[in-house]
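Participant:
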Amino acid sequence: MINVKLQDGKVIEVVAGEKIIDIIKKISNSLAKEAVSAILNGETVSLEETVEEDSDLEILKFDDERAKDAFRHTSSHILAQAVKRLYPEAKLGIGPSIENGFYYDFDMEHRLTDDDLKKIEKEMKKIVESNYPLEKFVLPRDEAIKFMKEKSEEYKVELINDLPEDEEISFYKQGDFTDLCAGPHVSKTGQIKAFKLMSVAGAYWRGSEKNKMLQRVYATSFPKQKELDEYIEKLEEAKKRDHRKIGKEMDLFAIMEEGPGFPFFFPKGMIIRDELERFWRKEHHKRGYQEIKTPLILNEQLWHTSGHWDHYQDNMYFTKIDDGDYAIKPMNCPGAMLSYKRRMYSYRDLPIRLCEMGQVHRHELSGALHGLMRVRTFTQDDAHIFMLPEQIKDEIIGVIDFIDYVYKLFEFKYHIELSTRPEDFMGNAEEWDMAENALKEAMEEKNIPYIINEGDGAFYGPKLDFHLEDCLGRTWQCGTIQLDFQMPQRFDLTYVGSDGEKHRPVMIHRVVFGSIERFIGILIEHFAGKFPLWLAPVQVNLLTVTEKFAPFALELADRMRDAGIRCEADVRNEKIGYKIREARNARNSYICVIGEKEVEDNTLQVRSIKQGELGSIDIDDFIKKLLDEIKAKQA
RNA sequence: GCUGGCGUGGCUCAACGGUAGAGCAGCUGAUUUGUAAUCAGCAGGUUGGGGGUUCGAUUCCCUCCGCCAGCUCCA
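Residue numbers (the working numbering): 31 to 665.
#1: Just how far apart, CA to CA, sit Leu667 and Ile175?
#2: In terms of residues, what are the limits of the alpha helix (DSSP H) holding Cys363?
#3: Output the distance between the C-alpha atoms of Asn59 and Ile552, rounded to the nearest integer angstrom.
#4: Taking just the CA atoms, how far does Gln512 sit from Lys371?
#5: Does DSSP put His539 in a helix, in a strand, or in coil?
#6: Going by DSSP, which residues form a beta bridge with Asp209?
#7: Based on the DSSP secondary-structure assignment, which residues constitute the bridge partners of Ala488?
#8: With the cut-off set at 8 Å, would you say Met280 and Ala599 are in Cβ contact?
#9: If we count the other Cβ atoms within 10 Å of its Cβ and call it buried at 16 or more, is Asp259 buried or exposed?
#10: Give the DSSP-derived three-state secondary structure of Glu78 in the structure shown.
#11: In the DSSP output, which residue or residues are listed as bridge partners for Leu227?
#12: Distance check for Gln221 and Gln111, CA to CA, integer angstroms please.
#13: For His391, does the count of other Cβ atoms within 10 angstroms reach 16, so buried, or fall short, so exposed?
#14: Given that a residue counts as buried once 16 or more other Cβ atoms are within 10 Å of its Cβ, and exposed if not, what is Arg102?
#15: Check whether the segment 311–330 touches the segment 288–297, taking contact to mean three or more Cβ pairs, one atom from each stretch, closer than 8 Å.
#16: First and last residue of the alpha helix (DSSP H) that includes Tyr134?
#17: Would you kindly report the start and end of the unbroken alpha helix (DSSP H) that includes Met178?
#18: With a 10 Å radius around its C-beta and 16 neighbouring C-beta atoms as the bar for buried, classify Lys183 as buried or exposed.
#19: What's the C-alpha gap between Asp99 and Leu399?
#20: Return the chain-ordered list of same chain residues with a C-beta closer than 6 Å to the C-beta of Arg451, the five sequence neighbours on each side being excluded.
#21: Could you pull out every unbroken beta strand (DSSP E) segment of at least 3 residues lying fully inside the segment 501–553, listed in chain order?
#22: Could you pull the DSSP bridge partners for Ser638 from this structure?
#23: Pull up the distance between the alpha-carbon of Thr407 and that of Glu612, whole angstroms please.
#24: Give me the Cα-Cα distance between Glu531 and Tyr377, rounded to the nearest whole angstrom.
#25: Going by C-alpha to C-alpha distance, which of Ala472, Asn458, Glu453 and Ala459 sits closest to Asn483?
#26: Going by DSSP, what residues sit across from Leu122 in a beta bridge?
#27: One question on the structure: do Leu573 and Val623 come within less than 8 Å of each other, judged by their Cβ atoms?
#28: Cutting at 8 Å between CB atoms, please list the residues of its own chain near Thr409, excluding the five before and the five after it.
#29: With Ile481 as the anchor, note down where its beta strand (DSSP E) starts and where it stops.
#30: When the Cα atoms are used, what is the spatial distance from Met374 to Leu380?
#31: On the DSSP letters alone, give me the boundaries of the alpha helix (DSSP H) that Leu584 sits inside.
#32: Can you tell me the Cα-Cα spacing of Tyr490 and Ser229, whole angstroms?
#33: Report the start-end ranges of each beta strand (DSSP E) in the segment 370–398 that is 3 residues or longer and not cut off at the edges.
#34: Using CA coordinates, which residue listed in Ile150, Val405 and Asp353 is at the minimum distance from Pro360?
#35: Excluding five sequence neighbours on each side, which residues of the same chain lie with their C-beta closer than 8 Å to the C-beta of Tyr356?
#36: For the beta strand (DSSP E) that Phe442 lies in, which residues bound it at each end?
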């Protein structure tokens with residue numbers, strides 16, 4: 031007698047050798063029925079064999095990361111097996127489980143095409159249908175190397191050689207295929223019911239551009255076809271929301287061939303930018319920041335002083351003026367340093383918070399460019415806070431709270447990552463430790479959980495990065511708080527302490543939006559172009575049924591604009607259905623129809639881009655409602 | 001930058017070794033219309049740039065530029 035735990039937690043008793051149909055009869059829950067038949071694949075198998083294997087009956091749903099990894103990892107082995115069957119000369123790289131699926135890297139002469147992917151999928155189906163058990167075995171190091179050498183798997187040999195001395199070297203075998211692997215796996219290939227090969231792309235062996243580029247096949251898999259379908263649907267939704275597509279449709283911005291990575295903003299895009307900036311200024315003034323503006327071009331000597339020459343040169347643009355060498359700023363900090371340095375400060379003056387909408391230029395690799403998300407010129411909503419050492423923690427907390435306030439306003443979820451000292455760092459290790467500890471203390475005091483990225487800090491200091499999550503669950507790095515003990519030294523910044531002596535202030539670099547351009551890109555995708563009213567380029571669109579109502583519409587449009595509402599009137603001689611279609615495609619927030627009835631009653635037939643039909647609304651009430659809604663989000 | 005794919009009028013796309021075609025948008029005219037496309041006409045492209053193969057190239061080859069996916073990097 032064996033107890034089998036079902037997905038819904040229910041336990042049933044089965045006897046070895048019992049017929050599948052009898053087992054299924056015991057299960058009332060249809061989901062569980064499906065599950066059991068899925069595992070057993072309609073065959074009569076002995077139950078000892080099924081239950082013996084480590085907890086696989088439960089991988090019917092990704093209820094924990096381990097189950098998901100095992101499932102995807104087995105999927106990647108099936109992919110590799112299929113590829114080896116079709117292209118025996120292919121050498122295997124690695125095939126891990128990743129965020130939304132898995133991949134496998136192959137080194138092979140033949141360039142894989144989309145048609146090849148279809149063939150590979152077919153072969154994978156055969157492997158799934160064969161329902162091979164996955165069998166683990168362990169080999170001593172020398173035998174493991176010999177084994178892989180025999181198969182000419184040179185990358186695997188390299189991996190084995192790099193494994194720590196004390197680590198077990200395990201392999202998993204499924205039918206005619208064996209792979210070096212630490213596991214875990216599901217018990218049989220038959221469990222991988224729903225999978226799809228997504229794409230093939232180049233990827234450097236072990237992620238280093240010095241190594242050979244392999245062909246990486248991306249794929250995903252799920253326990254159920256329905257989940258795979260949902261995932262694909264989500265990808266399609268993301269595609270529809272692509273800010274490059276919506277940006278074009280709404281006429282917000284464009285990046286032209288004449289300036290790769292240098293975006294143009296058009297009138298409607300500028301409205302969004304202006305509103306964000308206005309909001310940003312108001313919030314900064316509230317929090318004791320003073321705004322500055324520093325030059326885009328400054329001489330080369332300055333960049334030697336700041337350390338950018340030594341650490342950031344590859345990303346900078348240079349120019350000559352008369353006989354002098356100049357650089358276009360890739361960061362705003364040197365300008366802020368000079369601004370601080372223009373006069374003397376007392377300890378009573380600190381903290382000094384200087385903020386700047388600073389446009390920077392960075393030479394990014396051409397292949398890295400991506401719409402507004404990754405560009406070569408962007409505007410950082412920067413600030414540099416100069417403070418006494420004892421003010422560090424409070425200032426960091428102030429910035430954390432500020433960023434939290436802004437992200438919540440846009441209904442973003444986010445998480446924080448702490449990046450520590452990189453290999454190419456400036457200054458000395460003790461100061462770095464102090465800076466890292468200050469960030470940790472602030473986080474701990476706020477009781478905020480965070481991830482640590484070892485060695486990922488900026489060259490001048492450790493940082494807290496804010497990764498915000500949009501409505502589709504994708505994350506983007508935006509805000510960052512960087513603590514810097516280096517720049518104040520390099521620029522010899524001082525303040526006069528209560529002892530009458532000169533002391534060195536500590537500095538924070540920070541951004542909230544990160545880059546206005548990227549933030550707008552994220553907002554476009556997050557809201558699918560249907561912006562909160564205060565950001566919407568066209569807040570109200572008045573549509574006349576016939577030209578007869580044009581004077582009424584034009585006058586009302588003027589009145590709304592006077593009241594501070596962005597209003598457009600469409601009085602063209604077109605059918606109302608046509609105008610509505612255009613207004614909806616433009617994602618105008620409120621679309622109002624004006625005809626005989628409306629003119630008589632002083633009302634509007636209103637439809638909201640987000641909520642649909644709102645019916646007939648009195649004009650005065652509607653204006654009031656609009657003004658309230660515009661204000662509500664900017665409190 | 002690297003690997004692969006792609007580049008046709010403002011936009012979305014078609015065709016093809018014999019010098020390009022549609023829809024939308026634009027313009028003109030008719031229509032005066034009640035909730036996702038009224039009708040007709042006109043105009044618009046040396047098929048990303050340059051070079052080569054060919055009797056002939058937009059189609060094949062080379063090269064440069066740009067775009068897309070991924071790698072690397074990052075706000």
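Don't be surprised by glycine CBs; every beta carbon is placed ideally from N, CA and C.
Facilitator: Judging by the given coordinates:
#1: Because the chain here runs from 31 to 665, residue 667 falls outside it and cannot be looked at.
#2: For Cys363, the enclosing alpha helix (DSSP H) starts and ends at Cys363 to Tyr370.
#3: Only weak support is given to the placement of Asn59: the predicted model assigns it a pLDDT of 41, under 50, and the question is left unresolved by the model.
#4: Using only the alpha carbons, I get a separation of about 20 Å.
#5: His539 falls in the strand class under three-state DSSP.
#6: Asp209 pairs with Tyr202.
#7: DSSP, once it has assigned bridges, lists Gly491 as partnering Ala488.
#8: In this structure, Met280 lies away from Ala599, with their beta-carbon atoms at least 8 Å apart.
#9: Here Asp259 is exposed. Its C-beta has fewer than 16 other C-beta atoms within 10 Å.
#10: Residue confidence for Glu78 is low, a pLDDT of 33 falling below 50, so the modelled location carries little weight and cannot support an answer.
#11: Looking at the DSSP output, Leu227 sits in a beta bridge with Ala249.
#12: If you draw a straight line from the Cα of Gln111 to the Cα of Gln221, it is about 16 Å long.
#13: It counts as buried.
#14: Its Cβ being crowded by 16 or more others within 10 Å, Arg102 is buried.
#15: Pairwise C-beta distances place the segment 311–330 out of contact with the segment 288–297, as fewer than three of them are shorter than 8 Å.
#16: Tyr134 -> not in any alpha helix (DSSP H); beta strand (DSSP E) instead, spanning Gly131 to Asp137.
#17: Arg171 to Glu180 is the span of the alpha helix (DSSP H), which, as asked, contains Met178.
#18: The residue asked about is misnamed: residue 183 is Glu in this sequence, not Lys. Buried is the call here.
#19: Distance from the CA atom of Asp99 to the CA atom of Leu399, rounded to whole angstroms, is 31 Å.
#20: So the qualifying residues of the chain are Trp462 and Gly487.
#21: Listed in chain order, the complete beta strand (DSSP E) runs (minimum 3 residues) inside the segment 501–553 are 505–514 and 536–541.
#22: Bridge partners of Ser638: Tyr620 and Gly642.
#23: Distance between the alpha carbons of Thr407 and Glu612: 33 Å.
#24: So the alpha carbons of these two residues sit roughly 10 Å apart.
#25: Distances from the alpha-carbon of Asn483 to those of Ala472, Asn458, Glu453 and Ala459 put Glu453 closest.
#26: In DSSP, Leu122 forms a bridge with Phe136.
#27: In this structure, Val623 lies closer than 8 Å to Leu573 by Cβ.
#28: Excluding positions up to five away in sequence, the list reads Met387, Gly388, Gln389, Val390, Ser545, Ile546 and Glu547.
#29: Element bounds for Ile481: Tyr480 to Asn483.
#30: Spanning the two alpha carbons is a distance of roughly 11 Å.
#31: Per DSSP, the continuous alpha helix (DSSP H) segment holding Leu584 begins and ends at Ala580 to Asp592.
#32: Roughly 39 Å between the two C-alpha positions.
#33: Taking only runs of at least 3 residues, the beta strand (DSSP E) segments lying wholly in the segment 370–398 are 382–391.
#34: Per the C-alpha coordinates, the member of Ile150, Val405 and Asp353 positioned closest to Pro360 is Val405.
#35: Only Ile327, Leu328, Asn329, Glu330, Phe348, Thr349 and Lys350 meet the Cβ criterion.
#36: Following the DSSP letters along the chain, one finds Phe442 in no beta strand (DSSP E), marked with neither H nor E.
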